[in-house]
Amino acid sequence: MSANYVVTGASGVLGAALAVRLNESGLVPKGLGRKPKPPGFVGHWLQCDLTDAASVESCLADADVVVHCASSPLEPEKDRITMRNLIAVARRTRCHIVYVSICSMESAAPYNDYYKSKLSDERDLELSGISYGIVRIAQFHPFVSRLLSHLVVGPIILAPKLQFQPIDVAFAAEVLCKFAMDRKEGRSPDVHGPQSFTQRELIHAWLRGNRMKKIVLPFPRIGKLKQLGRIEPVEGLSGGRTWQQWLREEEGSPSPYTW
Ligand SMILES: NC(=O)c1ccc[n+]([C@@H]2O[C@H](COP(=O)([O-])OP(=O)(O)OC[C@H]3O[C@@H](n4cnc5c(N)ncnc54)[C@H](OP(=O)(O)O)[C@@H]3O)[C@@H](O)[C@H]2O)c1
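Each residue of the sequence shown is one higher than the one before, starting from 12 at the first, in my numbering.
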């Protein structure tokens, strides 16, 4: 009998890509999210708010592996409740939890509650005694694109100092799928895109991809930009489309992010 996989956040960017990948690998994962089943999702859907302990308990009762892609960056305290609920269920059912995290958070965490909460989630898992894996991934292409769109102010694009290794979501899902299917324990190597870009390189490629002309204005890392400026390049597993390839093939399509 094949194992029961549940993908939390399966309506989101990574969760949806992972569900497709698991299906292609011959598994039929159940998707989980707060809203009803999204159109096009293949397989069973669990409507569940992960902050509700009783609902988590009943929805995950027969799960063998839970790949946790759900997240609420604007409400990190809710993500912390979710992690406690997942660990409590795993203690009872002995399911394996795969947690998706973010590369290079340590130096950014002092400036950002979301990164702090993700580091705490990782620590909770490490101390939990349950079977778990952690996969840290660099910034997704559509995330970086959305971020840059917010830096446009009229004829100007603000250019705070930063360095990203943007990653193709399909590649991230491929690595995550393999890690989850192997039920690897502990931290995987960090997963990132094939190139590391400074803010100027990122922005110039993005402007070209969007056929936009803007004045690129160096800008101090203040407010929310402070944390992003602290993200440092990592060395681990890399692959997938480059930033330029992704811009050529996908830019112009609506952003999956609503922030
Ligand atoms: N974005 C990036 O660049 C990036 C980079 C590295 C790692 N990551 C990590 O990858 C994971 C997925 O990120 P993403 O960008 O794919 O996220 P996303 O597109 O924003 O999707 C998050 C999903 O979580 C679900 N969700 C949120 N709160 C929930 C709750 N209480 N109960 C059930 N479902 C809940 C949402 O669905 P409903 O609203 O329908 O519930 C949504 O589908 C996160 O852990 C993130 O930290 C992201």
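The beta carbon of each residue, even a glycine, is placed where N, CA and C say it ideally should be.
Tell me the residue span of the beta strand (DSSP E) that contains residue i.
i: residue 93; result: Where residue 93 is concerned, there is no enclosing beta strand (DSSP E), although the alpha helix (DSSP H) it sits in stretches over 87-104.
i: residue 229; result: 226-230
i: residue 239; result: Run containing residue 239: none in the beta strand (DSSP E); it sits in the alpha helix (DSSP H), 236-240.
i: residue 56; result: 56-58
i: residue 78; result: 76-79
Starting from residue i, trace the alpha helix (DSSP H) in both directions and tell me its first and last residue.
i: residue 219; result: 210-220
i: residue 23; result: Run containing residue 23: none; DSSP gives neither H nor E here.
i: residue 67; result: 64-70
i: residue 270; result: Per DSSP, residue 270 belongs to no alpha helix (DSSP H) and is neither H nor E.
i: residue 258; result: 254-261
Take residue i as the anchor and find which of the options has the nearest alpha-carbon.
i: residue 256; options: 18, 15, 177; result: 177
i: residue 14; options: 199, 107, 129, 124; result: 107
i: residue 223; options: 78, 17, 159; result: 159
i: residue 246; options: 171, 254, 114; result: 114
i: residue 150; options: 201, 49, 170; result: 201
i: residue 147; options: 155, 72, 141, 132; result: 132
Helix or strand or just coil, what does DSSP make of residue i?
i: residue 182; result: helix
i: residue 39; result: coil
i: residue 245; result: coil
i: residue 131; result: helix
i: residue 17; result: strand
i: residue 111; result: strand
Problem - 3 or more residues per run - each beta strand (DSSP E) lying fully within the stretch 133-212 - result: 143-148, 167-171
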